[in-house]
Amino acid sequence: MADCAIVPVPYIWLKDEAGVLRDYTRSPEHLNPVYLDQYDRNTLIYDCVWQPALNRHVINAPLLLNLWAPFKDSLRRDGAPVPGIKRKVWKRSEQITIPGPPGAMQVRIGEETYPLIARASQTDRFKGLNCLVALNKDNHLEWVRDWARYYVQRHGAEGVVLIDNGSTAYPLEDLAATLAGVEGLKQAVIYSVPLPYGSMGGRRRRGEKGAKFLQSAVLNMARSDALAQARAVLSVDIDEIVTGPEPETIFDAAVRNPMGMITFKGFWGYPESADLVPIGHGAHRFRSEPSPKCNRKWCIAPGGLIGRLFPWDVHQVGGILQNVFTEQTRFTHIHCRGCSTGWKNKRFEFPGGLVPDPELAALMDRYFKDPT
């Protein structure tokens with residue numbers, strides 16, 4: 018039975034009345050209603066973790082933009098300014114390292130002072146393990162169970178890190194019990210991050226910074242904390258099933274790669290009819306003709322070359338050029354179109370011309386007994 022912990026992140030939410038919030042990433046003429054409704058102006062940081070072995074705090078945050086200067090200038094530890102702060106800014110998120118010692122920290126943004134609270138590190142839980150990392154919001158518990166069980170049985174997964182983005186369909190204790198009941202799983206952590214996902218209000222313009230802050234930031238939170246010493250990590254959604262030549266596993270393939278990572282594309286799998294959705298993995302036995310490719314996914318050895326050097330993002334690590342060294346076709350992923358609650362986008366419209374896929378049906382028969 019897996020040891021599963023629920024870890025609430027100590028985020029800071031800026032008060033509207035304090036007078037200073039995050040600037041928009043778009044110019045005023047491009048602020049459409051969807052962008053404005055979804056944009057996160059209030060989350061200052063997602064997380065702060067104390068790492069005693071490295072004598073430092075690590076903070077993961079959305080792009081701070083105009084908030085960086087007041088954060089840096091007002092940061093205090095036990096009432097004194099904090100020297101040696103290091104900042105890494107990425108496409109949609111950033112990471113701040115504060116060297117030790119620990120102490121009572123706070124920042125002042127606008128007219129409000131906020132305590133900067135650190136949580137305990139989860140690194141030791143996953144040392145040397147093959148792990149999954151995924152974002153979750155209201156996915157059916159049966160889907161989570163079947164997803165984790167598949168990766169344990171087929172690929173030898175030993176640990177799961179879920180970032181729960183504000184599920185309301187069940188308490189997190191039920192999600193933890195679901196993971197704890199997966200036979201063969203050793204460790205699991207659920208980071209509770211009940212904060213805005215970020216804006217999906219249309220395509221970015223040239224030079225515009227991305228506004229979908231959360232997923233990139235929490236992947237790097239997991240990278241710098243729970244998964245820092247994992248053997249290998251597969252970033253894959255609850256509705257994605259990685260397959261390839263048995264008995265080779267995706268984790269072993271990543272570890273063997275000279276770069277310490279592999280990337281691979283996928284295809285959409287469908288149940289027989291859109292009337293059946295939402296429905297679990299086992300019903301996905303059909304493909305469209307032609308079958309368009311899905312975005313690539315990755316599996317990485319955190320201690321490998323790319324793992325040590327580059328931040329994690331949803332569909333790539335280290336930029337597009339690394340695919341020259343890491344992309345391969347032995348493994349692919351099946352993106353289960355109907356295995357979704359539709360929280361991020363609506364995907365229940367099916368294409369015409371679905372055809373049965375015998376290999377997909379055989380995979381589902383072997384690993385997914387109940388299609389619900």
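If you want our numbering, it's the position in the sequence shown, counting the first as 1, plus 17. Note that beta-carbon positions come from the ideal geometry of N, C-alpha and C, so glycine has one too.
Annotation for T42: no beta strand (DSSP E) segment contains it, and DSSP assigns it neither H nor E.
Within the model, the alpha-carbon separation for F327 versus V106 is close to 12 Å. For K89, the secondary structure class from DSSP, reduced to helix, strand or coil, is helix.
Annotated three-state conformation of F385 is coil, per DSSP. Comparing C-alpha distances from F385 to each of A35, T343, I102, E159 shows the shortest one belongs to E159. Contact between the region 282-302 and the region 371-386 is present: 3 or more CB-CB pairs across the two stretches fall below 8 Å. Sixteen is the threshold: when 16 or more other Cβ atoms of the shown chains lie within 10 Å of the Cβ of A234, as they do, the residue is buried. Between Q139 and D242, the gap from beta carbon to beta carbon is short of 7 Å. Inter-segment contact for the region 121-129 and the region 224-232 is absent: fewer than three beta-carbon pairs are separated by less than 8 Å. With fewer than 16 other beta carbons inside 10 angstroms of its own, T185 counts as exposed. When DSSP reads this structure, Q246 sits in no beta bridge, so it has no partner. Straight-line measurement puts the Cα of L31 at about 34 Å from the Cα of K314. Using a Cβ-Cβ distance cut-off of 8 Å, the region 147-161 and the region 192-200 are in contact, since at least three pairs of beta carbons, one from each stretch, lie closer than that value. Listed in chain order, the alpha helix (DSSP H) runs fully inside the region 273-359 are 322-326, 340-343, counting runs of at least 4 residues.
Straight-line measurement puts the Cα of P213 at about 8 Å from the Cα of Y56. Spatial neighbours of T358 in its own chain (CB-CB distance under 7 Å, excluding positions within 5 residues in sequence) are listed in chain order as D155, N156, P295.
Contact check for Y41 against G218 fails: the beta carbons are separated by 7 Å or more. For M217, the three-state secondary structure derived from DSSP is coil.
For S209, the enclosing beta strand (DSSP E) begins and ends at 204-209.
Excluding residues up to 5 positions away in sequence, F284 lie with their Cβ nearer than 6 Å to the Cβ of S308 in the same chain.
The C-alpha of S252 is placed about 27 Å away from the C-alpha of E306. The DSSP-derived three-state label of E376 is helix. Between I207 and L231 the beta-carbon gap is near 16 Å, outside 8 Å, which marks them as no contact.
Around A205, the same chain offers A19, C21, V177, L196 as residues with beta carbons nearer than 6 Å, after the five sequence neighbours per side are excluded.
When rounded, the separation of the alpha-carbon atoms in E190 and S44 is 42 Å.
Positions of the beta strand (DSSP E) runs, each at least 3 residues long and wholly inside the region 147-178, are given as 147-153 in order along the chain. About 6 Å separates the beta carbon of T60 from that of P79, a gap short enough to meet the 8 Å contact definition. Here the region 140-151 does not lie against the region 106-117, with fewer than 3 beta-carbon pairs under 8 Å apart.
Contact check for C356 against G320 fails: the beta carbons are separated by 7 Å or more. Contact between the region 253-263 and the region 287-294 is absent: fewer than three C-beta pairs spanning the two stretches fall below 8 Å.
Note on D330: 16 or more other CB atoms within 10 angstroms of its CB, so buried under the neighbour-count rule.
Secondary-structure assignment with DSSP links Y131 through a beta bridge to V124.
The Cβ atoms of V250 and C148 sit closer than 7 Å to each other. Across the set Q333, N49, R58, V26, the C-alpha of R58 shows the shortest separation from the C-alpha of E34.
Classified as exposed, H332 has fewer than 16 neighbouring CB atoms from the shown chains inside 10 Å of its CB.
DSSP places D64 in the uninterrupted beta strand (DSSP E) bounded by 64-68.
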